[in-house]
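Report on one structure; see the data block that follows.
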């Protein structure tokens, strides 16, 4: 089997035979990304109504359904309405710490069967069982890490308490977000994604996301 | 590795395709739609042209330091708990994946759409080793059920009509349905869902791999890529070495133009960024993550005539606009990669002798270069290939003799002038109504599908000389 050194050695040997087709450099990255991001956040906080309008337009263009509520307390009402409209009863949700919202009580009180995903490590057998729960669920509720106005895209980072199966396996995905996750473009999303050390950064557009309640004010997240 | 169909010469495969009315209808509808959507997407995106230049520069810059970017990628994948493997050939890559499957006791593998695994003919190898591969991209699933090969880089079942797919599902899945895309998709989703939950192994390609983070990026429209990387306990990604990009900033440039070029979308429905195996506290994700770096002819082209083909994003835009592809479809090309870029990639992977006919399956109109999101100069490389085919004596000897003689004649103007009256004499037995409908012997290939014009009564040089005399 070829070793790393042999493999890269062959590449270097070929590279030595040519200077390339033309002088070129990769993208220049901001020197102080954190500071640049802070400035961007301030700018975006002033332009959020325009960004939100653009997000809604693009999100609906790719088949998403957008809802907006004035207060966090109204989110369970919207989710319950989405479930009722589709005759769904089984709901699976991210852990409250990840979602920054505890839906179990309010949704159970509205007659829905809610399973909340654990926030930390569980046994292999429990993981298997929970996958079955997610597979049987009809509606999955997640948070959103970034919402890209340019494309109507939701960036959903998975990790502890925020499993991917919540958005993947149920037929309907409801994503809850606050206006502070809005960015205008993919380039801004690229800058924003550098700040953390998240394990996975799956992004998705809204086509399978048939509903997306978006409580815009007051903020759910800080 | 070549397909059994390759026993049939390219011209016969192309003729067969040209006679297939269903194929022509399906190709015309699909490619025209793709062209329109792409034009609209870039029309609404004024930064598009600048980003195409930027993307081209990033590809070239990456190749100029490919070793460093790959080293960084490897370090970051391993730091996150992944394993990196090195495959010089398709056979190496198959062996690596089969070893992983064997060690993990896998019996069922779900695959996300991947041209790299098509290229190494992985499915056949998995089946022979007792592992059942299930393609999970809808188009690839249709193709697998039909026991065919993909005929387009991003739309593998582009040659099939809705009716043909409905018949296929009825035959292979015992599911009767109308030729309705919604119903067909629902059936496929139901069939595939259980496979995702049962599979031991998830196999994907990689649209990109980000060196600075060790992230493998999958761009799909159906979410199957994320299912294949999340649910099975082992994930194997097979990627060509040229797929590495230096940074997330660079990735954003490619994501901004890839879907627009491929399907006219602003961004594909799902863009999944995978950073290795499951971490503590995560509920799902593979226990093992393996990245297979594939050479298979690519490394040699870093300093080769086909270097620019290493920029390719596999968007398929050049296929949609190619007047040859639009007539004959992908299967007639005979290899994994069809269309104008496919000819170059086939030469890269299989050697120039494999494209001695295919190198001529282009009008050199330049539409492919115009459509390419990274502005690959495909016509220039096709001409280079044709030259190589002649210089390496790969072309048939009659063709070499005729063109050799013609070249010699062009280098001797006096003899060239003399050749015109001789040709006028020689053509007399074959000329009919100002044309030559048929030539004898191997020259007959020239007139099989078209008439040749006769040599003019007076050449341009003769007419020019006459004009000069009249002054």
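Residue numbers (my numbering), protein chains in the order written: chain A, 376 to 597; chain B, 1240 to 1710. Think of the CB as a built atom: it goes at the ideal place given N, C-alpha and C, for glycine as much as any other residue.
Next item on the list: For residue 572 of chain A, count neighbouring C-beta atoms within 10 Å of its own C-beta (all shown protein chains included) and say buried if the count is 16 or more, exposed if not.
Entry: Working through the first chain from its first residue, we reach residue 572 of chain A at position 197. For residue 572 of chain A, the predicted model reports a pLDDT of 32, less than 50, meaning its position is unreliable; a value from the coordinates is still stated below. Counting Cβ neighbours within 10 Å, residue 572 of chain A comes out exposed, since fewer than 16 surround it.
Margin query: Going by the DSSP bridge assignment, what does residue 552 of chain A pair with across the sheet?
Written below: The residue you call residue 552 of chain A lines up with position 177 of the first chain. None; residue 552 of chain A has no bridge partner.
Check: For residue 1356 of chain B versus residue 1444 of chain B, is the C-beta distance shorter than 8 angstroms?
Finding: Working through the second chain from its first residue, we reach residue 1356 of chain B at position 117. Working through the second chain from its first residue, we reach residue 1444 of chain B at position 205. By the CB criterion at 8 angstroms, residue 1356 of chain B and residue 1444 of chain B fall inside the cutoff.
Checklist line | 8 angstroms Cβ cutoff met for residue 1483 of chain B and residue 1450 of chain B | finding: Counting from one through the second chain, the residue named residue 1483 of chain B turns up at place 244. Counting from one through the second chain, the residue named residue 1450 of chain B turns up at place 211. Yes, these two residues count as a Cβ contact at 8 angstroms.
Item checked: Near the ligand NAD: residue 1615 of chain B beta-carbon under 7 angstroms from a heavy atom -> Among the components of this structure there are no ligands whatsoever, and the ligand NAD is therefore not found.
Note to self: Can you check whether the C-beta of residue 397 of chain A is within less than 8 angstroms of a C-beta belonging to chain B?
What the structure shows: Looking up residue 397 of chain A in the first chain gives position 22. So, interface residue.
Margin query: Residues of chain B with CB closer than 9 angstroms to the CB of residue 495 of chain A, please, in chain order.
Written below: Residue numbering aside, residue 495 of chain A sits at position 120 when the first chain is read from its first letter. Result: 1519, 1520.
Check: Excluding the five sequence neighbours on either side, which residues of its own chain have a C-beta within less than 6 angstroms of the C-beta of residue 1345 of chain B, listed in chain order?
Finding: Taking the second chain and counting its residues from 1, the one referred to as residue 1345 of chain B is at position 106. If you ignore the 5 residues before and after residue 1345 of chain B, its C-beta comes within less than 6 angstroms of the C-beta of 1370, 1439, 1440, all in its own chain and listed in chain order.
Margin query: Quick check: what's the CA-CA separation for residue 1303 of chain B versus residue 1653 of chain B?
Written below: Your numbering for residue 1303 of chain B matches position 64 in the second chain. Your numbering for residue 1653 of chain B matches position 414 in the second chain. Each residue's alpha carbon lies about 49 angstroms from the other.
Check: Mind pulling the chain A residues with CB within less than 8 angstroms of residue 1313 of chain B?
Finding: Looking up residue 1313 of chain B in the second chain gives position 74. Proximity of chain A to residue 1313 of chain B at the Cβ level (cut-off 8 angstroms) is accounted for by 379, in chain order.
Notebook entry, point to check: residue 1325 of chain B versus chain A: which residues are under 8 angstroms apart at the beta carbon?
Noted result: Working through the second chain from its first residue, we reach residue 1325 of chain B at position 86. Taking a Cβ-Cβ threshold of 8 angstroms, the residues of chain A close to residue 1325 of chain B are 376, 377, 378, 379, 381, 382, in chain order.
Next item on the list: Give a yes or no on whether 8 angstroms exceeds the smallest Cβ distance from residue 1299 of chain B to chain A.
Entry: Start at 1 with the first residue of the second chain, and residue 1299 of chain B comes out as number 60. Using a Cβ-Cβ cut-off of 8 angstroms, residue 1299 of chain B counts as an interface residue toward chain A, since at least one Cβ of chain A sits closer than that to its own.
Check: Looking at the structure shown, is residue 1651 of chain B part of a helix, part of a strand, or coil, going by DSSP?
Finding: The residue you call residue 1651 of chain B lines up with position 412 of the second chain. If DSSP states are grouped into helix, strand and coil, residue 1651 of chain B belongs with coil.
Margin query: Could you give the first and the last residue of the continuous beta strand (DSSP E) run that contains residue 522 of chain A?
Written below: Within the first chain, numbered from 1, the residue matching residue 522 of chain A stands at position 147. Run containing residue 522 of chain A: 521-523, per the beta strand (DSSP E) assignment.
Note to self: Classify residue 1265 of chain B: buried if its beta carbon has 16 or more other beta carbons within 10 angstroms, exposed otherwise.
What the structure shows: Locating residue 1265 of chain B in the second chain gives position 26, counting from the first residue. Buried is the label assigned to residue 1265 of chain B, since at least 16 other Cβ atoms lie within 10 Å of its Cβ.
Checklist line | Residues that residue 1331 of chain B contacts on chain A, provided the C-beta gap is smaller than 8 angstroms | finding: In the second chain, residue 1331 of chain B corresponds to position 92, counting from 1. Those are 376, 377, listed as they occur along chain A.
Item checked: Environment of residue 1702 of chain B [buried if 16+ CB atoms lie within 10 Å] -> On the second chain, residue 1702 of chain B is found 463 positions in, with the first residue counted as 1. Counting other Cβ atoms within 10 Å of its Cβ, residue 1702 of chain B stays below 16 and is therefore classed as exposed.
Check: For the region 397-429 of chain A, which residues have a CB atom closer than 9 angstroms to at least one CB atom of chain B, in sequence order?
Finding: Cβ contacts with chain B: 397, 398, 399, 400, 401, 402, 403, 404, 405.
Check: Grouping DSSP H, G and I as helix and E and B as strand, with all else coil, what is residue 1629 of chain B?
Finding: One-based indexing of the second chain puts residue 1629 of chain B at position 390. In the structure shown, residue 1629 of chain B sits in a helix (DSSP, three-state: H, G or I).
Checklist line | Among B:1625, B:1632, B:1447, B:1648, nearest to residue 1550 of chain B - alpha-carbon criterion | finding: Here the question's residue 1550 of chain B lines up with position 311 in the second chain. Looking only at B:1625, B:1632, B:1447, B:1648, the smallest Cα-Cα distance to residue 1550 of chain B is reached by B:1447.
Note to self: As a quick exercise: from B:1540, B:1469, B:1384, pick the residue whose alpha carbon is nearest that of residue 1517 of chain B.
What the structure shows: In the second chain, the residue the question calls residue 1517 of chain B occupies position 278. Of all alpha-carbon atoms in B:1540, B:1469, B:1384, the one lying nearest the alpha-carbon of residue 1517 of chain B is that of B:1469.
Check: Can a CB atom of chain A be found closer than 8 angstroms to the CB of residue 1501 of chain B?
Finding: In the second chain, the residue the question calls residue 1501 of chain B occupies position 262. Interface with chain A (8 angstroms Cβ-Cβ cutoff): residue 1501 of chain B is excluded.
Check: At which residue ranges does the region 1386-1472 of chain B contain complete beta strand (DSSP E) runs of 3 or more residues, listed in the order of the chain?
Finding: Fully enclosed beta strand (DSSP E) runs of 3 or longer: 1440-1443, 1447-1449, 1454-1459.
Notebook entry, point to check: Where do the ends of the alpha helix (DSSP H) carrying residue 1380 of chain B lie?
Noted result: Looking up residue 1380 of chain B in the second chain gives position 141. Secondary structure note for residue 1380 of chain B: its alpha helix (DSSP H) is the uninterrupted segment 1377-1384.
Note to self: Is the separation between the beta-carbon of residue 522 of chain A and that of residue 441 of chain A shorter than 8 angstroms?
What the structure shows: Locating residue 522 of chain A in the first chain gives position 147, where the first residue counts as 1. Locating residue 441 of chain A in the first chain gives position 66, where the first residue counts as 1. No; because the gap between Cβ atoms is not below 8 angstroms, this pair is not in contact.
Margin query: One question on the structure: do residue 1480 of chain B and residue 1533 of chain B come within less than 8 angstroms of each other, judged by their Cβ atoms?
Written below: Residue mapping note: residue 1480 of chain B aligns to position 241 of the second chain, counting from 1. Residue mapping note: residue 1533 of chain B aligns to position 294 of the second chain, counting from 1. In contact: residue 1480 of chain B and residue 1533 of chain B (Cβ atoms closer than 8 angstroms).
Notebook entry, point to check: For the 8 angstroms Cβ check, are there 3 or more pairs between the region 1290-1300 of chain B and the region 393-400 of chain A?
Noted result: Contact holds: three or more Cβ-Cβ distances are below 8 angstroms.
Note to self: Pop quiz: residue 531 of chain A and residue 510 of chain A are said to be a contact at Cβ under 8 angstroms. What is the actual Cβ separation, rounded to whole angstroms?
What the structure shows: For the purposes of this step, residue 531 of chain A is taken as residue 156 along the first chain, with counting starting at 1. For the purposes of this step, residue 510 of chain A is taken as residue 135 along the first chain, with counting starting at 1. The pair is not a contact, with the Cβ atoms about 18 angstroms apart (cut-off 8 angstroms).
Notebook entry, point to check: What three-state label does DSSP hand residue 535 of chain A in the structure shown?
Noted result: For the purposes of this step, residue 535 of chain A is taken as the residue at position 160 of the first chain. Looking at residue 535 of chain A - three-state DSSP - the assignment turns out to be coil, as it is neither helix nor strand.
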